[in-house]
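Residue numbers (the numbering used here): 1 to 83.
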């Protein structure tokens, strides 16, 4: 387990640090409004987020790449996540 630059704990289970491992960030419109004034694309990249997209957009499965979901806990969002 390691601490990221923003104080979050991550258990990566690999030799790469959390910020070096590629990640996908998936968010809904409400959460986009929360993070967009706080986090720049450059800051996401520094922390290994190589792709970020809205949950309602077309998403392909990317094997072996962890996904971070920042969404409201609605039935619709949960259904989209488990598709």
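Cβ atoms here follow ideal geometry from the backbone N, Cα and C, with glycine treated the same way.
- Where residue 34 is concerned, the enclosing alpha helix (DSSP H) starts and stops at 29 to 35.
- Note on residue 38: under 16 other CB atoms within 10 angstroms of its CB, so exposed under the neighbour-count rule.
- In the structure shown, residue 41 falls within a helical segment according to DSSP collapsed to helix, strand and coil.
- DSSP places residue 75 within a helical segment (H, G or I) once states are collapsed to three.
- Rounded to whole angstroms, residue 29 and residue 56 show a C-alpha spacing of 9 Å.
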